[in-house]
Amino acid sequence: MSTAIKVYRHALSGHCHRIELMLSLLGLPATFIDVDLAAGEHKTPAFKALNAFEQVPVLDDNGVILADSNAILVYLERRYGVNGRWLPEDPLGQAQVQRWLSVAAGPLAYSAMKARLVTVFNVPFDPEPLVADAHQLFEIIDAHLTNQPFLAGEQATLAEVALYSYIAHAPEGNVSLEPYANIRTWLTRIEALDGFVPMGVTRVGLVR
Ligand SMILES: N[C@@H](CCC(=O)N[C@@H](CS)C(=O)NCC(=O)O)C(=O)O
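Listed below in structure tokens is the structure:
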């Protein structure tokens, strides 16, 4: 069945899983359109008209076209969320979530995400510095979670939605989560949220 919200995605992309997770947490039905990245479908004129940066995910909400996973999360929350449930409306609360969206787009994308590209998609990066950077980041996140259940405080926010996928699947890029007890507990808290949906696992890397 086709629904009004469409998401152009790749099924093994954590950036795309963020959107699937957000839609499910908000209880919004959507149609997922798989983009064949291996065949270069994201470089075709038709796809570039949706996103000139040639990347998934792209959202089409009744003709509202939006690219970039974190931008899509903010849009979905503001458009369909209730009372700022996933993105607080007060200045400090919103900024504390934004801080983690920046971590998702920066240090996480340039470490654990890229390490997984090597193992899952055979991208020829040197994995060693990527894995080392991921561990450096995870030490910080693990320490941050010592005294609070979620990244921005007492309840799950867009910060969880943005960081979950590439942290949960970091072992696929040979970044073990074994040393990070607080992160592992945090993952289980997210997995217990009403509406949680997992990303497909691959057979590479370590186990959590
Ligand atoms: N900043 C973008 C990054 C998205 C991204 O890296 N997408 C990857 C899949 S995980 C992609 O489409 N790669 C194809 C390419 O860059 O050629 C976002 O958050 O949406």
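Numbering (our numbering), first residue to last: 280 to 487.
A virtual CB, placed ideally from N, CA and C, is assigned to each residue, including glycine.
Query                                                                                            : Result
Start-to-end residues for the alpha helix (DSSP H) that takes in Arg297                          : 293-304
DSSP-derived helix/strand/coil call for Leu307                                                   : coil
Simplified DSSP assignment, three categories, for Tyr359                                         : helix
Nearest candidate by alpha-carbon position, reference Leu396, set Val286, Tyr359, Ile284, His294 : His294
DSSP-derived helix/strand/coil call for Tyr287                                                   : strand
Check: Val440 C-beta below 7 Å from any heavy atom of ligand 1                                   : no
Alpha-carbon spacing of Ser303 relative to Ala411, whole angstroms                               : 33 Å
Reference Met301; option with closest CA among His448, Pro450, Gln373, Leu366                    : Leu366
Rounded distance between the beta-carbons of Glu418 and Phe429, thought under 8 Å                : Actually they are not in contact, since the Cβ atoms of Phe429 and Glu418 sit about 18 Å apart, beyond 8 Å.
Proximity test, Ala384 beta-carbon vs ligand 1 heavy atom, cut-off 7 Å                           : yes
Nearest to Lys285 (by Cα), restricted to the options Glu299, Ser292, Asn426                      : Glu299
Distance cut-off 7 Å: Asp347 Cβ against heavy atoms of ligand 1                                  : yes
Meets three-Cβ-pair contact criterion under 8 Å: the region 303-314 and the region 352-365       : yes
Three-pair Cβ contact test at 8 Å for the region 448-465 versus the region 397-405               : yes
Under the three-state DSSP convention, the category Gly484 falls into                            : coil
Identified DSSP bridge partners for Gly432                                                       : Phe429
Whole-angstrom C-beta distance between Asp313 and Arg288, which should lie under 8 Å             : 7 Å
Residue interval of the beta strand (DSSP E) (run including Asp339)                              : 337-340
Contact set for Gln375: own chain, Cβ-Cβ below 6 Å, skip 5 residues either direction             : Ala431
Proximity below 8 Å, CB of Met478 to CB of Ser455                                                : no
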